[in-house]
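Chemist: Numbering (this note's numbering), first residue to last: 108 to 307. From the three backbone atoms N, C-alpha and C, an ideal C-beta is built for every residue, glycine too.
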Amino acid sequence: RNRAQRAADEAIAGGFLNVTIRGAKRVLFNISGGEDMTLFEVNEVAERIAQAIDDTADITFGAVIDPILKDSIRVTLIAAGMEERSTARIPAIHLNQSLSTPINVTPPNAPQSKPVTPMTPPSRSANRDGQQRPQSYTPQPTPPRPPRSSGVPGRQQRSLEDLRGIRSMGRRREPPKGQQTDEDEGERGIEIPPYFKKYD
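1. Alpha carbon to alpha carbon, how far is residue 160 from residue 116?
2. Relative to the C-alpha of residue 151, which residue among 162, 163 and 170 is closest?
3. From 173, 186, 135 and 140, pick the residue whose C-alpha is nearest to that of residue 110; which is it?
4. Do you know how far the Cα of residue 137 is from the Cα of residue 176?
5. Tell me, which residues are paired with residue 182 by DSSP?
6. Taking the CB atoms as reference points, tell me whether residue 185 and residue 135 lie closer together than 7 Å.
7. Roughly how many whole angstroms lie between the Cα atoms of residue 114 and residue 149?
8. What did DSSP end up calling residue 210 once you bin it into helix, strand or coil?
9. Cα-Cα, which of 130, 112 and 144 is closest to residue 172?
10. Whose C-beta lies closer than 8 Å to the C-beta of residue 178 among residues of the same chain, with five residues either side of it excluded?
11. Which residue's Cα is closest to the Cα of residue 119: 147, 146 and 187?
Here's what the structure looks like:
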């Protein structure tokens, strides 16, 4: 089968349409092909379409050269006035049915949940008036810690008397006011030379 027959058969079959053109009363089609399309191919497409429709149908067609279509032929067909017996339609699907049976979405092997035990609040002791009061909490006493010694271990502390003796060692012993020392007596026994004396 050549390309003219294939193009005509595809146009007659309707492609993706749900209606066939067999028995049509009025037909309009156009043939498009590349620069290599011949008049013989155009005539062959017209004859194939005429065989598929009614003998008394009104046929109108045309041919166009399209450089983009190099090795193929394309047929565009429009038909009208088909008989009801030759029309095949796809039955419509109605989705308006309501669901009467409830659907259980719980899986059969789903683990059952365990009941939760409510927690009871702590007991409170009631007073004489009937009002509840919280129980008193007595903290346990902590044992006292032994005091830490502030002094450095291994060093003996000096007494107050030792400190007083150290201070007295640095001081110069002065004689009483009524007593004279040997240095004062020696100074008095030395005579001053006359040229050191001042004249009035």
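Modeler: Straight from the coordinates:
1. For this step, residue 160 is matched to residue 53 along the sequence shown. For this step, residue 116 is matched to residue 9 along the sequence shown. Their Cα atoms are separated by approximately 12 Å.
2. For this step, residue 151 is matched to residue 44 along the sequence shown. The shortest C-alpha separation from residue 151 is found at 170.
3. Locating residue 110 in the sequence shown gives position 3, where the first residue counts as 1. Ranking 173, 186, 135 and 140 by Cα distance to residue 110 puts 140 first.
4. Residue 176 sits at position 69 when you count from the first residue of the sequence shown. Residue 137 sits at position 30 when you count from the first residue of the sequence shown. Each residue's alpha carbon lies about 14 Å from the other.
5. In the sequence shown, counting from the first residue as 1, residue 182 sits at position 75. Partner(s): 138.
6. As a working mapping, residue 185 is identified with position 78 in the sequence shown. As a working mapping, residue 135 is identified with position 28 in the sequence shown. For residue 185 and residue 135, yes; Cβs fall inside 7 Å.
7. As a position in the sequence shown, residue 114 is number 7, starting the count at 1. As a position in the sequence shown, residue 149 is number 42, starting the count at 1. Rounded to the nearest angstrom, the two C-alpha atoms are 11 Å apart.
8. The residue given as residue 210 occupies position 103 in the sequence shown. A caution first: residue 210 carries a pLDDT of 49, below 50, which makes its placement in the model too unreliable to give a value.
9. Numbered from 1 along the sequence shown, position 65 holds the residue referred to as residue 172. When each option's Cα is compared against that of residue 172, the closest is 144.
10. Your numbering for residue 178 matches position 71 in the sequence shown. Closer than 8 Å at the Cβ level, and outside the excluded window around residue 178, lie 110, 141 and 143.
11. Translated into positions along the sequence shown, residue 119 becomes position 12. Of 147, 146 and 187, the residue nearest in Cα terms is 187.
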